[in-house]
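Numbering (our numbering), first residue to last: 161 to 327.
A virtual CB, placed ideally from N, CA and C, is assigned to each residue, including glycine.
Keep in mind it's a predicted model, so treat the numbers as computed, not measured.
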Amino acid sequence: MHIQDNTKTSENLHAAFAGESMANRKYLYFAKVARKLGNEEVAKLFEETAHQETGHAFSHLELMYPPSELTVEKILELAVEGELYESNQMYPEFERIAYEEGRMDAVAEFQDQAAESKEHAAIFEQAAKRFHALTMVEKYHAGKYQKALDNVRESEKVVVSELKEIA
Ligand SMILES: [Fe+2]
Ligand SMILES: [Fe+2]
161 MHIQDNTKTS ENLHAAFAGE SMANRKYLYF AKVARKLGNE EVAKLFEETA HQETGHAFSH
221 LELMYPPSEL TVEKILELAV EGELYESNQM YPEFERIAYE EGRMDAVAEF QDQAAESKEH
281 AAIFEQAAKR FHALTMVEKY HAGKYQKALD NVRESEKVVV SELKEIA
């Protein structure tokens, strides 16, 4: 995966992706605020621009995680990894600092989101297990089908040779 190649460009792609992603969510949030303030025109402008920022973020993602290198297993694995990083490392550290700084609003938020990240990790893990089980079942059926097919071909050969003997 290109994101793990430790080049400055990979690092920059990551930063650019983060920036475009943030712009997307920020503009959607600003659109909500503008609408609440009664300015529909500005709300729509933010929404349209937010949509373009999503496109920009996706372009960076395609270079970071080339589609040709991805499988269902891989994307689920990457998702679990990200969610576990949030719940086990990032949020506990942020919570500790927020506590030290007396930002109890942020402490509560970080705790909530750490719990949600943990849930997301579990959901993705379950999906990965289901996918794995399904793949095994498919392989099993494919194997059985191949065996049945081989048997049919084998008996056809026997019939043909028997017919030849009769003739
Ligand atoms: Fe952009
Ligand atoms: Fe999450």
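According to DSSP, simplified to helix, strand and coil, what is residue i?
| i | result |
| --- | --- |
| Tyr225 | coil |
| Thr209 | helix |
| Ala302 | helix |
| Asp165 | coil |
| Gly179 | helix |
| Gly262 | coil |
| Thr231 | coil |
| Leu238 | helix |
| Leu244 | helix |
| Asn199 | coil |
By a C-beta neighbour count over all protein chains shown, 10 Å radius and 16 as the cutoff for buried, is residue i buried or exposed?
| i | result |
| --- | --- |
| His147 | Since the first residue of the chain shown is 161 and the last is 327, residue 147 is not available in this structure. |
| Phe284 | buried |
| Ser277 | buried |
| Phe206 | buried |
| Phe218 | exposed |
| Asn184 | buried |
| Ser247 | buried |
| Tyr149 | Absent from the structure is residue 149, since the part of the chain shown begins at 161 and ends at 327. |
| Ala268 | exposed |
| Glu213 | buried |
| Ala327 | exposed |
| Ala258 | buried |
| Ala274 | buried |
| Glu180 | buried |
| Glu208 | exposed |
| Leu203 | Per the sequence shown, the amino acid found at residue 203 is Ala instead of Leu. Per the 10 Å Cβ criterion, buried. |
Beta carbon of residue i: closer than 7 Å to some heavy atom of ligand 2?
| i | result |
| --- | --- |
| His220 | no |
| Ser277 | yes |
| Glu243 | yes |
| His292 | no |
| His280 | yes |
Are the CB atoms of residue j and residue i within a distance shorter than 8 Å?
| i | j | result |
| --- | --- | --- |
| Phe270 | Phe291 | no |
| His174 | Met224 | yes |
| Ala210 | Ala194 | no |
| Ala293 | Leu236 | no |
Practice item. Please list, following the chain, all residues that have a C-beta closer than 6 Å to any non-hydrogen atom of ligand 1. Key: Glu180, Ala183, Glu213 and His216
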